[in-house]
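If you're matching them up, the sequences are chains A and B in order.
Quick note, the first sequence lines up with residues 0 to 213 if you use numbering that gives the first Met the number 0.
Quick note, the second sequence lines up with residues 0 to 213 if you use numbering that gives the first Met the number 0.
There are 2 protein chains.
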Amino acid sequence: MKAPLPNAPTDRTRLRRFSEKADYDAATVHAVLDAAPLAHIAYQMNGAPMVLSTLAWREGDRVFWHGSSASRALKAMRDQAVCLSVTTLDGLVLARSAFEHSVQFRSLMVMGQAQEVTEGKEAHLQAMVERLFPGRWDQLRPMQPQEVKATMVMALDLSEASAKIAKGGPTDPDEDRAWPVWAGVVPLSLQTGAPLAEPDSAEGAPAPQVSWSL
Amino acid sequence: MKAPLPNAPTDRTRLRRFSEKADYDAATVHAVLDAAPLAHIAYQMNGAPMVLSTLAWREGDRVFWHGSSASRALKAMRDQAVCLSVTTLDGLVLARSAFEHSVQFRSLMVMGQAQEVTEGKEAHLQAMVERLFPGRWDQLRPMQPQEVKATMVMALDLSEASAKIAKGGPTDPDEDRAWPVWAGVVPLSLQTGAPLAEPDSAEGAPAPQVSWSL
C-alpha cells in the first residue's frame, strides 16, 4: 500500500479533468519527480507570472532546486507562493480523429511556499550531484566556501502535490475505429548518448555511468 | 542576417545572468519553439501562480495551445498575463568541480497576454496536427462541429520573447583542469521509438513518418 501524502488532495491540487488519471500518493509523486531532472516553476515577479526552468531533485518529502545567489528569479520566489511542475512526454497517441489525438505523459504539480535553504547547503548540493551521477561527488575537486556562498538552494514541501499519468493508446469511439488511417502510439523518451570527453579530461578516468531512458 | 523581433528585448525579457547566451532574434526564438512540442505556461488562478504543461505550436509570429472548453486553466488565463516557456535538455556538462557542472539546453520565454482564438479554430487545430504529423489531417475522420466547439484554442504574440542557448563543455578554471576526474558532456535527446499500431489499426495503412531526435 502506498502512503498518502499528508494533506492531499487539496482544493487546488484535486484534478477535475480526467480525474481518473490523478494520483495523490506519495510514491507516485516521488517516482515522477525522481524520473525527470527538469522542472518548471511558476512564480510572480512585479505582479506578473513568470516561469523558471531548472533542474530539481527530491530529498525525502521535499523538492529542491538551486541557482546563483544573485538570481533575480530565486530572490523573487523566496517565501512566496510557487507552483512546480515536472512533465515527461512519453508518447504521441494517434487516433482516427484529430479530436481523440493525445499524448502519453507523467506529470506532477506541487504548490506551496518556496523557501531558501541556509543550513547545510553543501549537503543538498551533494545530493543533487549524487542523484545525477552516483559516486561522483567524492571524485570532484572539493567545494570551496565562496562557491557555497555564491549558490542559493531552494526547497518546497511535497505536502500539496498531485501526479497525473496518461498511458495507453487512442480511445476512438466504436463508430470511428474502422476509419482507414493508421492508429497507435509513437513512443518518446529522453535518452542519454555516448559520453563525450573533454580533450584534456584526466587520462584513464572512467566516464560516469549515466544511462537513462526516461 | 536574422530579423529582430519587433519589440525585443524588453526590460522583462532582457537576460541578466549569462547574457552572452541570450538571443532575441526571431529566427532563434522560432527555431526553439519549432524544435520542442512541450511548453509550460505560468498564469495566475485565485491570485496564486500556476503552471500548465501543454503542447504548443507556432504559426508565424504567434504561439498557440489548446484544451477543453471546460478547462479551468484556459479560462483563468484568458486575457491575462502569462509567461510561456519551452526548454530542451540537450546535455549534462560534467566539470572537475561541482560548481562548474551545468547543462546544455535551448530555452525560450515569451511574455504577454493570452488570447482566446474564436475565429478559424479548426484551421489552427489543423496546423497543430500537421506540425506533428505532416500529411495526416486529410487522412483523419473530419472534425465535427461539436468537437470544434468543445475545444478552446489560445494564442500569444511572440513580440516579447527571448531565447537562451547553452552549448559546449565544462569551463573549469585552469587550476582545476588537471584534477583526476572524467570531464565532458553526456548528450541528452528526446527521441521517437518505433510506432506501435493499435490491434485494430486499419490494415495496410502506413505508420506516420514521425522521427525526431530533439
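C-beta atoms are modelled at their ideal positions from N, C-alpha and C, and glycine is treated no differently.
Predicted model only: the values in this text are computed from it and were never measured.
One Cα belongs to B/L91, the other to B/K166, and the distance between them is close to 10 Å. Following the DSSP letters along the chain, one finds B/R61 in no alpha helix (DSSP H) but inside the beta strand (DSSP E) bounded by residues R61 to S67. At a C-beta separation below 8 Å, B/P207 has these neighbours in chain A: L93, W181 and V185. By the Cβ test, the stretch 152-159 of chain B is in contact with the stretch 110-124 of chain B, since at least three Cβ pairs between them sit closer than 8 Å.
One thing to note: B/P36 has its Cβ no nearer than 8 Å to the Cβ of B/E99.
In its chain, beyond the 5 residues on either side, E121 have a beta carbon closer than 6 Å to the beta carbon of B/M142. Assignment of A/V180 by DSSP, reduced to helix, strand and coil, places it in the coil class. By the neighbour-count definition (other C-beta atoms within 10 Å, threshold 16), B/K148 is an exposed residue. In the structure shown, B/K163 falls within a strand segment according to DSSP collapsed to helix, strand and coil. Distance from the CA atom of B/Q208 to the CA atom of B/P198, rounded to whole angstroms, is 19 Å. A distance below 8 Å separates the beta carbons of B/W56 and B/R130. Under the three-state reduction of DSSP output, A/P144 falls in the helix class. Taking a Cβ-Cβ cut-off of 8 Å, the neighbours of B/Q43 in chain A comprise Q43 and P48, given in sequence order. At a cut-off of 8 Å, the C-beta of A/L32 has no neighbouring C-beta in chain B.
At least one CB atom of chain B sits nearer than 8 Å to the CB of A/V128. Proximity of chain B to A/Q112 at the Cβ level (cut-off 7 Å) is not reached, the minimal Cβ distance being about 10 Å. Of the candidates B/K163, B/M127, B/A177 and B/V184, B/M127 places its Cα closest to the Cα of B/G66. The alpha carbon of B/Q138 has as its nearest neighbour, out of B/L157, B/E146, B/Q103 and B/A204, the alpha carbon of B/A204. At least one CB of chain A lies nearer than 8 Å to the CB of B/R140.
Taking a 10 Å sphere around the C-beta of A/D89, we find 16 or more other C-beta atoms and assign the residue as buried. Around the beta carbon of B/Q145, fewer than 16 other beta carbons sit within 10 angstroms, so the residue counts as exposed. Secondary structure note for B/D156: its beta strand (DSSP E) is the uninterrupted segment T150 to D156. For B/S106, the CB contacts under 8 Å within the same chain, skipping 5 residues up- and downstream, are V31, S84, V85, T86, T87, A162, K163 and I164 in chain order.
For A/R71, the enclosing alpha helix (DSSP H) starts and ends at R71 to M76. The C-beta distance from A/L54 to B/V184 rounds to 15 Å, too long to fall under 8 Å, and the pair is not in contact.
Your pair A/S70 and A/D175 does not check out as a contact, with CB atoms roughly 50 Å apart and the cut at 8 Å. Within the model, the alpha-carbon separation for B/S101 versus B/F132 is close to 34 Å.
DSSP places A/D24 in no beta strand (DSSP E); its state is neither H nor E.
Per DSSP, the unbroken beta strand (DSSP E) holding A/A80 starts and ends at A80 to L93. Residue contact with chain A for B/A80: present (Cβ-Cβ distance below 8 Å to some residue of chain A). Rounded to whole angstroms, the Cβ separation of A/V62 and A/L187 is 24 Å, and the two are not in contact under 8 Å. One alpha carbon belongs to B/Q190, the other to B/K74, and they sit about 33 Å apart.
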